[in-house]
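See structure below.
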Amino acid sequence: MKKGILVIFTVGIFYISFLIFCGLSHNITLGNQASLVIKDDQNETFFESCYQMDILWTPLNDLPDLLIEGTVAVEDKRFYQHHGYDPIRIMKALYKNIASQNIVEGASTITQQTIKNLYLTQEKTYSRKIKELFLSVEAELHYTKEDILETYFNTLYYGHGVYGIQNASQFYFNKNPDKLTVAETAMLIGIPNSPNNYSPYLNEEKSRNRQLIVLNVMKNQNLITQQQYNQAKQEKLMLADFKTQTRSEVHGYYKDAVMQQCRELGFCRSNQDHFIIYTYYDERWYRIFM
């Protein structure tokens with residue numbers, strides 16, 4: 201009995217110390233943080249970024265409820281209950297990883313995904329997961345759930361060099377997020393899990409199957425009615441013209457090359473860095489080669 205009490209007491213002290221450490225630390229910044237401006241040969245701005253990404257920042261209040269609630273239901277159903285990490289998901293993932301003797305499943309919450317996308321690498325190692333855990337708890341202690349969600353939606357990667365829900369909505373459907381249908385919303389919710397597999401431009405069958413999974417979750421969570429579900433299943437998606445969209449993708453290659461060179465020179469390595477970069481980018485030549 202005494203040993204059990206001692207163990208509980210020790211774990212409690214460790215957890216409190218962990219929270220105090222995370223609360224005193226402040227290594228991250230969330231929200232709309234313009235950090236990089238790139239100028240062309242006419243001294244005109246052709247790229248402005250947040251977190252070194254080409255982002256059109258959209259406040260959370262301007263996003264439709266179905267998009268927000270559907271994403272939470274699919275990606276992190278206990279988002280509003282946990283404090284940056286989900287112990288239940290961690291235990292399930294740990295069991296599967298131990299059984300397979302490899303990291304085959306993650307347990308990342310929306311907070312952890314946001315931290316990973318902005319501050320960490322994509323490598324699947326336990327050391328990276330530990331860093332992710334500490335920074336996620338820190339984020340939850342310093343920011344509201346709404347702050348985290350807003351940053352998450354605006355920095356998600358949707359494939360084809362597209363970051364953020366506003367850019368993704370325009371890229372795939374040529375409309376703003378608040379104009380998306382239920383079927384289009386489900387498609388966009390499903391893509392970030394694996395953009396190379398679920399982009400409808402790259403793999404129509406896989407993207408369709410992923411969309412159906414999202415629609416089922418939305419229906420089971422009572423976010424949409426049976427009638428909306430049936431209509432969304434039957435809806436033929438009207439994607440934007442990919443040939444037109446790839447122009448912005450090639451445009452992004454120049455930006456990516458500039459940023460890569462800056463990193464090699466020791467700049468643009470942190471989201472807290474603020475730079476204005478002047479280049480010889482000439483849109484007239486760009487249009488000729490396109």
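This note's numbering puts the first residue of the sequence shown at 201, with every later residue one more than the last. Idealized CB from N, CA, C, for every residue including glycine. What you are looking at is a predicted structure, and each value in this text was computed from that prediction instead of being measured.
Rounded C-alpha distance that separates residue i from residue j
i           : j           : result
residue 278 : residue 289 : 10 angstroms
residue 410 : residue 259 : 27 angstroms
residue 476 : residue 455 : 13 angstroms
residue 371 : residue 332 : 30 angstroms
residue 362 : residue 425 : 31 angstroms
residue 466 : residue 322 : 21 angstroms
residue 282 : residue 358 : 26 angstroms
residue 367 : residue 457 : 20 angstroms
residue 399 : residue 407 : 6 angstroms
residue 403 : residue 263 : 27 angstroms
residue 275 : residue 291 : 17 angstroms
residue 268 : residue 413 : 16 angstroms
residue 324 : residue 231 : 26 angstroms
residue 245 : residue 429 : 43 angstroms
residue 459 : residue 453 : 10 angstroms
residue 360 : residue 442 : 10 angstroms
residue 337 : residue 316 : 13 angstroms
residue 440 : residue 375 : 9 angstroms
residue 285 : residue 423 : 24 angstroms
residue 482 : residue 353 : 32 angstroms
residue 480 : residue 241 : 4 angstroms
residue 309 : residue 415 : 20 angstroms
residue 335 : residue 312 : 8 angstroms
residue 221 : residue 405 : Confidence at residue 221 is low in this model, with a pLDDT of 48, below 50, so the placement of that residue should be treated as unreliable; the coordinate-derived value is given next. About 47 angstroms.
residue 389 : residue 438 : 16 angstroms
residue 314 : residue 436 : 32 angstroms
residue 287 : residue 369 : 33 angstroms
residue 379 : residue 432 : 15 angstroms
residue 373 : residue 417 : 22 angstroms
Whole-Å CB distance - residue i paired with residue j, under 8 angstroms assumed
i           : j           : result
residue 365 : residue 377 : 6 angstroms
residue 320 : residue 328 : 6 angstroms
residue 427 : residue 273 : 19 angstroms between Cβ atoms; not a contact.
residue 355 : residue 255 : 7 angstroms
Assigned secondary structure, residue i (DSSP; H/G/I helix, E/B strand, else coil)
i           : result
residue 362 : coil
residue 357 : strand
residue 279 : coil
residue 385 : helix
residue 351 : helix
residue 266 : helix
residue 273 : helix
residue 440 : coil
residue 308 : coil
residue 324 : coil
residue 396 : helix
residue 229 : coil
residue 375 : coil
residue 425 : coil
residue 318 : helix
residue 435 : coil
residue 176 : Because residue 176 is not part of the residues shown, which for the chain are 201 to 490, the question remains open.
residue 330 : helix
residue 255 : coil
Residue(s) in a DSSP beta bridge with residue i
i           : result
residue 476 : 237
residue 245 : 239
Residue i at chain B interface by Cβ criterion, 8 angstroms
i           : result
residue 347 : Structure shown: chain B not included; a single protein chain is present.
Quiz item: Do the region 383-397 and the region 334-348 touch if we need at least three Cβ pairs shorter than 8 angstroms?
Solution: In this structure the region 383-397 does not lie against the region 334-348, because fewer than three pairs of beta carbons, one per stretch, are closer than 8 angstroms.
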